[in-house]
Each structure stands twice: as structure tokens, then as C-alpha cells.
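Top to bottom, those sequences are chains A and B.
Just so we're aligned: 74 in the numbering used here is position 74 of the first sequence, and the numbers increase by one with no gaps anywhere.
Add 1000 to the 1-based position in the second sequence for the numbering used here, that's all there is to it.
Where a beta carbon is used, it is the ideal one built from N, C-alpha and C, also for glycine.
Take a look at the structure set out below.
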Amino acid sequence: MSWTWFHRFGSPPHVYRLARRLTPWFAWPAALLILAGLYGGLVLAPPDYQQGDGFRMIYVHVPTAYLSIMIYTIMGVAAAVGLIWRMKVAHAVAASCAPIGASFTVAALATGSLFGKPMWGTYWAWDPRLTSELLLLFLYLGYLGLRSAFDDLQRADRASALLAVVGLVDVPIVHFSVVWWNSLHQGSSLLRLGGPTIYSPAMLAPLLMMICGFTLYFVAILLMRLRGEVLRRERAASWVKEALAT
Amino acid sequence: MTGLMHFLAMGGYARYLWPCYGITFAVVFLNIYWARRLNARARSEAKRRLAMREKLVLEEEEA
């Protein structure tokens, strides 16, 4: 197997240029999908037979919650690659993920809390799903806090990467918490054995659009941040002069 | 107008649903702003360093 692709992705100038070129290819489809999903979810989808119009909160709650664990997984894997192969770009990816993931974890908790009040009668419960998601927020904040404690970027990368990798344990706990324990939170509606439990295409399609749209949006933001992170790590390199000229 | 009011009322869930959407899109736009700010800062800092290095090289050549 040829490892040239691996080395290319480890090359900062290549990644910088690629990130710049690819950003609009993710950003525009993301904007279109999110707008279509909003229209489908808020206007076209019929009210739920149990939750009425309140169910429409899933169109923002599910994508934000899904992003919170998906981004953590990418961050943890990138941090592990950075630690094992001492790859600067991988550390830059992990560092770029953290603030995005932390903000979406806050959004997932806040939207979940607003969803919980009318459906369960409470904004918060120490339920396995909610508690493990809160732990995820603390992992993100710990990662960011640890990074800011070091002046030296390389040391910050290595120390925070270790925390990110250990924290990966929480990801399956968040995902399977509704299966493993009795939870106030409803079970998974999409990723479950036997297929989704949302049968109406008018309800399901906007949700899938929002999830895809938010995923593409995340990639676009990641690519934007990655450029900044790569530049911060490569201040003395000669390619920087060329990159800055454009 | 009643159609719009009906839509905004969201079957009585308005006070939970609209803040839900508000928070989510605040996070969406904040992330765009933060990413742009990070890039702008990284670029200006890299430019400053480059200028400093070039100045040092010039000074060495003159000396």
C-alpha cells in the first residue's frame, strides 16, 4: 500500500491550500440543505400525534446533539493520530474541532432542556443520557482549558490530545445510554435495529436534510479553522509567505 | 395575518420552540464568526513574523 496520501495529508501547505479550495463546496450545499430542512420541518411536516407542533424541536435538537458526539469522535481520533505519528496537521484538526464541538454540546443541552420542559415537565433530570452529554461538555471544556494552560503549542497539543483520547470512552456511553439504562430520554429514532421509528417521509426527510446540512456545515467550519491552526503552527515556514500573498 | 400568527404560535409550544431555534442558529453564526476571527488573527500574526524576519535578514546583510 502506498503511503503517499498519508504524507500529503500531513503536509501543512497542501492541507492549507486544500482547505481553502474545499470550503465553499461544503458551505453552500450546507446552507441549501439547512434552509430546505427548516422549511420542511417547520412548514411542511404535519404535527406529531403525541407531541403536536412541539416535536418540531427535533429538527434542531437532533442535529446539534449528533454533531456534539460526532465532532468529539473526530477530535479524539485526530488527537490519537497526532500522538502516535506526531503529525502536526492531526493536532491542528483536533484543536479546530474542540470549540465547534463544545458550542454544539451547549446547543444540544439547551435545546434538549427546552424540549424536556413541555414533554417531561422538567428542564433537567440526572438521567443517563443527559448526564453523559453534560460530561461530554466538561471533556470539551477540559480540553480547551488544558490547551490554554500551555504557552508552547507542541506541549499543548500533546497534553490535550491525551485527554481527548481518554474522553473517547464517553462517546458510546452517550449514544447507548438510552439502550443500556432506563432513561427518561426517548430511544434513538434513526440509528436503531429495525430501522427508524419516524415513518412519515414528510417528517423524516427534513430531519435527514438537517443532519446532512449540519454535517457539511461542520466540515466547512472545520476547514476554515484548520487554515488558521495550520498557519499558527507554521509561522517560520517558507510556504507561509506564498500563502499569505493570496 | 392569522395564518402567520398561527404558525408563530406553534400550537402553544412557541415559548420553547423558538428559543430552541434561536440558540441553535446563534451557535451556527457564532462559529462562522469565530472561525473568521481565528483566521484573520493567524494571518496577521504570520505577516508580522514574516516582516520581522525579513527586517532581521536585511539588518544582518547591512552589518
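Buried/exposed call for residue i, threshold 16 Cβ in 10 Å
| i | result |
| --- | --- |
| N1031 of chain B | buried |
| D127 of chain A | buried |
| F250 of chain A | The requested residue 250 of chain A does not occur in the structure, where chain A is confined to residues 1 to 246. |
| K88 of chain A | buried |
| G167 of chain A | buried |
| H91 of chain A | buried |
| E1059 of chain B | exposed |
Contact belief for residue i with residue j at Cβ below 8 Å, rounded distance in angstroms
| i | j | result |
| --- | --- | --- |
| F218 of chain A | L33 of chain A | In fact, because the Cβ distance is near 12 Å, the residues do not count as touching under 8 Å. |
| D109 of chain A | L134 of chain A | One detail in the question is off: residue 109 of chain A reads as Leu in this sequence, not Asp. Sure, about 7 Å apart at Cβ, within 8 Å. |
| G228 of chain A | L1038 of chain B | 4 Å |
| A45 of chain A | M203 of chain A | 5 Å |
| A65 of chain A | G112 of chain A | 7 Å |
| S188 of chain A | V178 of chain A | 6 Å |
Beta-bridge partners of residue i, as assigned by DSSP
| i | result |
| --- | --- |
| W48 of chain A | According to the sequence as given, residue 48 of chain A is Asp; it is not Trp. Its beta-bridge partners are A:G52. |
Under 9 Å by beta carbon: chain A residues contacting residue i
| i | result |
| --- | --- |
| A1051 of chain B | Ordered by position in chain A, no residue passes the 9 Å Cβ test against A1051 of chain B, which lies about 10 Å from the chain. |
Within chain B, the residues that residue i reaches when beta carbons sit closer than 8 Å
| i | result |
| --- | --- |
| S160 of chain A | The premise fails here: S160 of chain A is roughly 17 Å from chain B at the closest Cβ pair, so nothing lies under 8 Å. |
| S177 of chain A | Within chain B, no residue comes near S177 of chain A; the closest Cβ sits about 21 Å away, beyond 8 Å. |
Residue i: contacting residues in chain B (beta-carbon distance under 7 Å)
| i | result |
| --- | --- |
| A110 of chain A | I1023 |
| R227 of chain A | N1039 |
| V60 of chain A | C1020, Y1021, T1024 |
| A107 of chain A | I1023, T1024, V1027 |
Proximal residues of chain A, C-beta to C-beta of residue i below 8 Å
| i | result |
| --- | --- |
| K1047 of chain B | L244 |
| Y1013 of chain B | G52, D53, G54, R56, M57, P118 |
| L1017 of chain B | D53, G54, R56, M57, L114 |
Per-residue contacts from residue i into chain A (C-beta, under 7 Å)
| i | result |
| --- | --- |
| L1030 of chain B | S103 |
Heavy atom of the ligand SAH within 8 Å of residue i beta-carbon
| i | result |
| --- | --- |
| G1011 of chain B | The ligand SAH is absent from the structure shown, which contains no ligands of any kind. |
Point to revise | Near-chain B residues of the stretch 124-152 of chain A (beta-carbon distance less than 8 Å), N- to C-terminal order | key: none
Review point. Listed in chain order, which residues of the stretch 10-34 of chain A have Cβ atoms closer than 7 Å to some Cβ of chain B?
Key: none
Point to revise | Residues in the stretch 65-83 of chain A having any Cβ partner in chain B nearer than 9 Å | key: none
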